[in-house]
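K.L.:
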Amino acid sequence: MPLSPTDIAKLFVAYSNRVPEALTITLVASQSSAEVAATLAASPEFKVAHADESNAAMVRFFYHQLFGHATDAAGANYWTALLDSGAISRGALPLYLALGAQGSDKTALESKAAAALAFSAEMDTGPELAAYQGSNVALVGAYLDRVTDAASLAAFKAELPFLASTLKDWGYTAYTGQVQATGYVQGATVFNDANGNGQFDQGEWNAVTDSQGRYILTASNAGIVPPGQIPVSLLVTGGTDATTGLAQHGSYAATTQSKAVNALSSLHLQLQLQGASAAQASARLAEAFGLGATDVSKTSPLSAAIDSDPGAPASVPAALHLQVVAASLDGLQLAVARTLVSLAGGSGQLSEAQAFKAVAGALAGTLAHASGATDLSSASFISALLASSVAQAGNASLTAAAAKLSALATQAFGQVLEAGLANIEQTNTAGGGIYGALAHIGQASVVLQASLVDKLAAAMASGHPETLLTSYLGSALGVSTPAAHIGDIDTGSLNDAAAIARANSGAGVPAISAIEVGKLYAALLHRPAEPAGQGYWQAQSSVHVLETALVQSAEFQQQFGGKATDVAVNQMYLNMFGHAADSAGLQYWTGLITKGYLTLGGTAIALTQAAQGSDALALQAKAVAAAEFTAGLTVLQTEAAYTGQNLAAASAWLAGIQDDATLSSAIAALPALLKSLNENPGPFPPVAQFAALVGVAEPEAFFL
Numbered sequence: 001m002p003l004s005p006t007d008i009a010k011l012f013v014a015y016s017n018r019v020p021e022a023l024t025i026t027l028v029a030s031q032s033s034a035e036v037a038a039t040l041a042a043s044p045e046f047k048v049a050h051a052d053e054s055n056a057a058m059v060r061f062f063y064h065q066l067f068g069h070a071t072d073a074a075g076a077n078y079w080t081a082l083l084d085s086g087a088i089s090r091g092a093l094p095l096y097l098a099l100g101a102q103g104s105d106k107t108a109l110e111s112k113a114a115a116a117l118a119f120s121a122e123m124d125t126g127p128e129l130a131a132y133q134g135s136n137v138a139l140v141g142a143y144l145d146r147v148t149d150a151a152s153l154a155a156f157k158a159e160l161p162f163l164a165s166t167l168k169d170w171g172y173t174a175y176t177g178q179v180q181a182t183g184y185v186q187g188a189t190v191f192n193d194a195n196g197n198g199q200f201d202q203g204e205w206n207a208v209t210d211s212q213g214r215y216i217l218t219a220s221n222a223g224i225v226p227p228g229q230i231p232v233s234l235l236v237t238g239g240t241d242a243t244t245g246l247a248q249h250g251s252y253a254a255t256t257q258s259k260a261v262n263a264l265s266s267l268h269l270q271l272q273l274q275g276a277s278a279a280q281a282s283a284r285l286a287e288a289f290g291l292g293a294t295d296v297s298k299t300s301p302l303s304a305a306i307d308s309d310p311g312a313p314a315s316v317p318a319a320l321h322l323q324v325v326a327a328s329l330d331g332l333q334l335a336v337a338r339t340l341v342s343l344a345g346g347s348g349q350l351s352e353a354q355a356f357k358a359v360a361g362a363l364a365g366t367l368a369h370a371s372g373a374t375d376l377s378s379a380s381f382i383s384a385l386l387a388s389s390v391a392q393a394g395n396a397s398l399t400a401a402a403a404k405l406s407a408l409a410t411q412a413f414g415q416v417l418e419a420g421l422a423n424i425e426q427t428n429t430a431g432g433g434i435y436g437a438l439a440h441i442g443q444a445s446v447v448l449q450a451s452l453v454d455k456l457a458a459a460m461a462s463g464h465p466e467t468l469l470t471s472y473l474g475s476a477l478g479v480s481t482p483a484a485h486i487g488d489i490d491t492g493s494l495n496d497a498a499a500i501a502r503a504n505s506g507a508g509v510p511a512i513s514a515i516e517v518g519k520l521y522a523a524l525l526h527r528p529a530e531p532a533g534q535g536y537w538q539a540q541s542s543v544h545v546l547e548t549a550l551v552q553s554a555e556f557q558q559q560f561g562g563k564a565t566d567v568a569v570n571q572m573y574l575n576m577f578g579h580a581a582d583s584a585g586l587q588y589w590t591g592l593i594t595k596g597y598l599t600l601g602g603t604a605i606a607l608t609q610a611a612q613g614s615d616a617l618a619l620q621a622k623a624v625a626a627a628e629f630t631a632g633l634t635v636l637q638t639e640a641a642y643t644g645q646n647l648a649a650a651s652a653w654l655a656g657i658q659d660d661a662t663l664s665s666a667i668a669a670l671p672a673l674l675k676s677l678n679e680n681p682g683p684f685p686p687v688a689q690f691a692a693l694v695g696v697a698e699p700e701a702f703f704l
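Under full-length UniProt numbering, residues 1 to 704 are what the sequence shown spells out, in order.
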C-alpha cells in the first residue's frame, strides 16, 4: 500500500525535523515506512547528529522532536531498555515512536506533518525550493517545533507567507531561544533594543514567546534594520510566568547567540558589559554558583531539569541546582529592586526599570570583583547587595532614605530574604521526583514574589522590616509554602500533572507546625525542640498529644514538679512571655486549674491561643526562633550536642527573645551559638512511659 504524503511527512519530521519536497514525496510513495526510515537513518545528517548520544539521551531528543515535550518516566525507561537490549536499532527508534504514538502525541506528530506539507505546498517554485537549504532548514525546523495541536498548526499556517518570502527574497537574520523565570515566560516581548532605552519601540525586531517560552526573532537583512545595526543583544520584557502565574517584572538580556534567556544569561551578559569575555563570564558564574561546565547561554535551567536523566545519578541534582540558582536570582533581584523603589518614595522618584538596572549592575559588579563561591541566600551578602544597589542607582532620594536605615533594619532585611531564598533551595526529589522538586521551587517562589516582596519593600520604607520575621522565617515558610498554589511546570506535557495536583492540594502542610511545637516546648520545657522530636510531633494529629507527653517528662517535673499552682502558672508566663503573670491573669488561670477545668499542660495550650498584644508577639518570636534553632541543628548535624548543659545554653538564648528586634538579634547570633555547642553524645531521654497514652507500640519513637 503506497505511503500517503502525511505518512512521509511524519517520517521526515521524526528523523530530521525537515520538510519533504513534493518530488521526494512522489519518489518514495511506493516504498514502505521501514524502507524510508532506513534511508533517513543512513543519512550523514542523522549519523552525525546522534553519534555521541547515549540511548537515554536519544530517546529524550526524539520525544521532543516528534511530540514537543519531555519523556515521561515510563516511556523513557521502556524505549531506553529496548535500545539497550538491541531489540530495536537506534536508527529505527524514530520510526517506532511515530508508529506507536497515541493520544496527544499522535495529534502533535500529525499536526507537525500537516505543517510540513503546508510549507511544501507554499514553497513550490524553483527559487523557493532552492532556498530551502542550510540555515533555512533549521529556521523552518524551529517553527515546526512549536506545532503540537490544531491551534499551533493554524498559527504556523498564518506565518507561512512571511516565512516563505523571507527565505526566498531578502535573506534574513533569525534568532531562537527560550525564556524562563521560575517557569517558562509566556507572552513576553523579545526585541533588539536599538536605541538603548530599555523598552520596545516601533521598528525594532520583535517576537512574542509561546507557551514554552520559545521565540523566533526573524527579520530581513534589508529594509528593516540598517546594515551594521544587527543587534548583538536582545531584551525580554513582560509576559507571565507559567509556574507562578505572576507577571514578569524587569527585563532579561542575552546575546543574540544565546539559546536560554533568564536571570543567569542576563548576569552573564552584565559581566561581559563590565569587561569580561564570554568565557571569563561563564567561568565566574560557574565558580560563584557551582555550575560546573554548564553553558548558561545555551542551557535553559527548567528544560534541563525536566530532561534530566534519572538513570544518571549526577544529572538530576546538577540540573535541579541550576533551576534553584535561576529562581533565586529572580526572587532576589525583584525583592531588592522593589525595595529601592519604595525607599526612593515610589516610581515617580525611581522607576522599576531603573531599580532593576541598578540591582543587575550591582550584582555583576559584586561578582566581578570577588572570587570563590557566592551564597545568594546569605543575609550578609543580601544586605551588602542592597547597599551596592543603592550606590549603583545614584538617586538622591534613595540615597537619603537608605542612609537613615538602622543597623537592625538592614540586618532584618537580609534575614528575611535569606529565609525566602533558602526556602527555594530546600528542594529534593524524594517522594515527588523531579516534578515534585520543581513544584516546591514554584511554591517557594510564589511565597517570595507574591507574598513577601511588596511587604518587605513597604516595611523597609517604614524602617521596620523586623516585623516580618515571625511570618517569613523558615518555620513559618514551612506552613505557607506547601499551601501556595502553582500553575504549569512542563507546559508541553501532562507529565507534571500529579506533582502539581499534590502541591495544590496542600498535602505538604504539616499537621502541626514547627511553630506550634516550639510554643509548647517553650512553655513547658523552656527550650527549643530537638530535631527528631520536632519531626515526630509535627506528624501527630493534635497538640494535645505533645502536651500530654511533655508534662510527663523528667524535664517538666524538674521545672514544675512540687510547685504550688500559682507558682507554676507564673513560671509558665515567664517561659512564654518573658514576664511574671499579672494578678488578674494569675488568678484566672490558677482558678481554672484548681477547679479541675484545666491541667497545667492544658493551660499552656490555652495560653498559646489566648495570648494577645506584646505577649502574642513574644511567644511567636520565641517559637519561630526555637524552630530556627532546631533546623540549624539538623543542617550542622550537631543533634548529638543538644543535651546536658547545652540545653541550658539554648534556654538562656531563648529567654532573651521578647519582640521582633530581639528576635533579629537572636537569629544573627544563632550560627555562633550552634557552632559553640559541645559535642556531648546523646541519647535523648527515653519516654517509654508515654507509649500507652498515645497508642504507639514502639516507645523508642518518642522524643523529648
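Quick reminder that beta carbons are idealized off the backbone N, C-alpha and C, glycines included. Bear in mind that the values here come from a model prediction, so they are computed numbers and not experimental data.
Just to confirm before moving on: does the CB-CB distance between L82 and A115 stay below 7 Å?
P.N.:
Going by C-beta atoms, L82 is not nearer than 7 Å to A115.
K.L.:
What's the C-alpha gap between V48 and A42?
P.N.:
Spanning the two alpha carbons is a distance of roughly 10 Å.
K.L.:
Report, in whole angstroms, the separation of the C-beta atoms of Q612 and T470, which I expect to be a contact under 8 Å.
P.N.:
Between T470 and Q612 the Cβ distance is about 15 Å, and since that is not below 8 Å, they are no contact.
K.L.:
With a threshold of 7 Å on Cβ separation, who are the neighbours of S347 within its own chain once the five nearest residues in sequence on each side are excluded?
P.N.:
V341.
K.L.:
Determine the extent of the alpha helix (DSSP H) in which S493 is found, giving its start and end residues.
P.N.:
Segment: none, S493 is in no alpha helix (DSSP H) and carries neither H nor E.
K.L.:
Can you check which of these residues, A276, A101 and A22, is closest to residue 762 by C-alpha distance?
P.N.:
No answer is possible for residue 762: it lies beyond the span of the chain, which begins at 1 and ends at 704.
K.L.:
Near I25, which residues of its chain fall below 7 Å by C-beta distance, leaving aside the five closest residues on each side in sequence?
P.N.:
Closer than 7 Å at Cβ, skipping near neighbours: P5 and I8.
K.L.:
Which residue wins for smallest C-alpha separation from E418, given the options D488, S383 and I434?
P.N.:
Ranking D488, S383 and I434 by Cα distance to E418 puts S383 first.
K.L.:
My output table needs one value for residue 706: the three-state DSSP class, helix, strand or coil.
P.N.:
An answer regarding residue 706 cannot be provided, because it is not within the stretch 1 to 704 covered by the chain.
K.L.:
Return the Cβ separation of S388 and T410 in integer angstroms, given the expectation that the two are a contact with Cβ distance under 8 Å.
P.N.:
Wrong, their Cβ atoms sit about 13 Å apart, outside the cutoff.
K.L.:
Can you have a look at N428 and say buried or exposed, based on whether 16 or more other CB atoms are within 10 angstroms of its CB?
P.N.:
It counts as exposed.
K.L.:
Since R338 contacts V453 with CB under 8 Å, what's their CB separation in whole angstroms?
P.N.:
The pair is a contact, with the Cβ atoms about 5 Å apart (cut-off 8 Å).
K.L.:
If you reduce the DSSP assignment to three classes, tell me which class I8 lands in.
P.N.:
I8: helix per DSSP, three-state reduction.
K.L.:
Run through DSSP, which three-state label would G346 get?
P.N.:
DSSP places G346 in coil when its eight states are reduced to three.
K.L.:
Take L167 and list the residues in its own chain whose beta-carbon comes closer than 6 Å to its own, dropping the five residues that flank it on each side.
P.N.:
A131 and N136, listed in sequence order.
K.L.:
Here's the rule: buried if 16 or more other CB atoms are within 10 angstroms of the residue's CB, otherwise exposed. What is L494?
P.N.:
Exposed.
K.L.:
Give the DSSP-derived three-state secondary structure of D105 in the structure shown.
P.N.:
Helix.
K.L.:
For R214, list the residues DSSP reports as bridge partners.
P.N.:
According to DSSP, which records beta bridges pairwise, R214 is partnered with Q178.
K.L.:
Which same chain residues end up closer than 6 Å to A326 when comparing Cβ atoms and leaving out the 5 residues on each side of it in sequence?
P.N.:
Only N262, A263, L264 and P301 meet the Cβ criterion.
K.L.:
Under the assumption that F67 contacts L99 (Cβ atoms under 8 Å), give the Cβ distance between them as a whole number of angstroms.
P.N.:
Actually they are not in contact, since the Cβ atoms of F67 and L99 sit about 13 Å apart, beyond 8 Å.
K.L.:
If we ignore side chains and look at the alpha-carbon of each, how far apart do A532 and A335 end up?
P.N.:
Taking the straight line from one Cα to the other gives about 34 Å.
K.L.:
N423 and L385 - do their beta-carbons sit closer together than 7 Å?
P.N.:
Result no, Cβ atoms of L385 and N423 do not sit closer than 7 Å.
K.L.:
Quick check on the burial criterion: 16 or more other C-beta atoms within 10 angstroms. Buried or exposed for S308?
P.N.:
S308 comes out buried.
K.L.:
Between the alpha carbons of P510 and P317, how many angstroms are there, rounded?
P.N.:
Computed Cα separation, rounded: 25 Å.
K.L.:
Mind listing, in chain order, the continuous beta strand (DSSP E) runs of no fewer than 3 residues lying wholly within the region 308-374?
P.N.:
Complete beta strand (DSSP E) runs here, min 3: none at all.
K.L.:
By the DSSP assignment, the beta strand (DSSP E) with residue 708 in it spans what residues?
P.N.:
Within the shown structure, residues of the chain are numbered from 1 to 704, placing residue 708 beyond reach of any answer.
K.L.:
Who are the near neighbours of S233 in its chain, counting only those whose CB is closer than 7 Å to its CB and skipping five residues on each side?
P.N.:
Closer than 7 Å at the Cβ level, and outside the excluded window around S233, lie A253, A254, T255, T256 and L269.
K.L.:
Spatial neighbours of K10 within its chain, please: CB distance less than 8 Å, with the 5 preceding and 5 following residues excluded, ordered by chain position.
P.N.:
Closer than 8 Å at Cβ, skipping near neighbours: A98, L109, E110, K112 and A113.
K.L.:
Given A669, which residues of its chain have a CB within under 8 Å of its CB, disregarding the five upstream and five downstream residues?
P.N.:
Excluding sequence neighbours, A669 sits near W653.
K.L.:
Measuring only the C-alpha atoms, how far is L160 from S120?
P.N.:
About 10 Å.
K.L.:
On the criterion of 16 or more Cβ atoms from any shown chain inside 10 Å, does Q333 qualify as buried, or is it exposed?
P.N.:
Under this definition Q333 is a buried residue.
K.L.:
Straight-line CA distance for K595 to V543?
P.N.:
Approximately 23 Å between the Cα atoms of the pair.
K.L.:
Do G463 and S397 have their C-beta atoms closer together than 7 Å?
P.N.:
Cβ atoms of G463 and S397: not closer than 7 Å.
K.L.:
Looking at the structure shown, is Y588 part of a helix, part of a strand, or coil, going by DSSP?
P.N.:
In this structure, Y588 counts as helix in the three-state DSSP scheme.
K.L.:
Residues bridged to Q186 by DSSP?
P.N.:
According to DSSP, Q186 bridges with T240.
K.L.:
Quick check: the region 496-513 against the region 554-566, are at least 3 beta-carbon pairs closer than 8 Å?
P.N.:
The region 554-566 is not in contact with the region 496-513.
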